[in-house]
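Numbered as in full-length UniProt numbering, the sequence shown ends at 160 without a single skipped number.
To start, the structure itself, in C-alpha cells.
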Amino acid sequence: MFTLTAKNEEETMWIAAQLAQLLEPKDVILLEGNLGAGKTTFTKGLAKGLGIDTVIKSPTYTLIREYTKGRLPLYHMDVYRLEDVGGDDLGFEEYLYGNGVSVIEWAKFIEEELPDAYLTIRLVPAGEFFENREITFLPTGERYDALVETLQGILTKEGQ
C-alpha cells in the first residue's frame, strides 16, 4: 500500500496513465471515493495511458461502458445502482476474465462477483479547496503487490 497526493486533475490523470502502462488483460481495478472524488478523472487517465482517445464518460446510468480502441480494452463499470439487487446473472465474469482491464466504481455492491486478486484505488479530495486528490493504492494478491511496487518506483523516480 502507498499513498500520494495529486495537486490537480492533470496530475491525477498522469498518475493513472503511468499505472496503465503496467496493466495486462484481466486486470481488475476497484475505484473507491465519494461522488466528485475523481473516479472518472482517474479512469480518463487510465484510458489515455492505454492509448484510448475516445471521450470517457461516467457509466452511472449505463452500468458499463466499453472502450476497445487502445492497447487493451477498457471496461468501465459503475455498479452503484446495484446496491439493492447485486450483480448476479449480469455477466460480469465476461469482463473480469476477458481480454481487457476492468475498472469498477462502487464494487462493494458486487463483492461476490469479484476475483480473488485486484487493485483498490481510494481517491479522497484534499487541500484547502479540495483541489488535491489523495490517492491510495491497496493491492490484493501477488500480481497487484508487484504492480504497486513497480508503480511506486516509477512515480518516486518521476518526483511524485
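All residues carry an ideal CB built from backbone N, CA and C; glycine is no exception.
By how many angstroms is the C-alpha of residue j removed from the C-alpha of residue i?
i, j, result
"residue 42", "residue 94", "23 Å"
"residue 96", "residue 121", "17 Å"
"residue 101", "residue 141", "16 Å"
"residue 4", "residue 134", "6 Å"
"residue 50", "residue 38", "18 Å"
"residue 126", "residue 6", "9 Å"
"residue 129", "residue 8", "11 Å"
"residue 10", "residue 52", "16 Å"
"residue 64", "residue 145", "27 Å"
"residue 138", "residue 106", "15 Å"
"residue 114", "residue 27", "11 Å"
"residue 149", "residue 143", "10 Å"
"residue 34", "residue 109", "14 Å"
"residue 99", "residue 15", "23 Å"
"residue 20", "residue 118", "14 Å"
"residue 157", "residue 132", "21 Å"
"residue 54", "residue 116", "31 Å"
"residue 79", "residue 72", "22 Å"
"residue 153", "residue 31", "21 Å"
"residue 84", "residue 77", "Low per-residue confidence applies at residue 84: pLDDT is 48, beneath 50, and the placement is therefore not dependable enough to give any value."
Rounded to the nearest angstrom, how far is the Cβ of residue i from that of residue j, given a contact under 8 Å?
i, j, result
"residue 44", "residue 56", "5 Å"
"residue 151", "residue 22", "6 Å"
"residue 136", "residue 1", "7 Å"
"residue 75", "residue 47", "In fact, because the Cβ distance is near 11 Å, the residues do not count as touching under 8 Å."
"residue 147", "residue 18", "With a Cβ gap of about 11 Å, residue 147 and residue 18 do not count as contacting."
What residues are listed by DSSP as bridge partners for residue i?
i, result
"residue 115", "Residue 115 is not bridged to any residue."
"residue 67", "74"
"residue 25", "Beta-bridge pairing links residue 25 to no other residue."
"residue 6", "133"
Kindly indicate if chain B contains any beta-carbon less than 8 Å away from that of residue i.
i, result
"residue 10", "Looking for chain B here will not work: only one protein chain is present."
Thinking just about the alpha-carbon of each residue, which of the options is nearest to the one in residue i?
i, options, result
"residue 24", "112, 113, 103, 157", "103"
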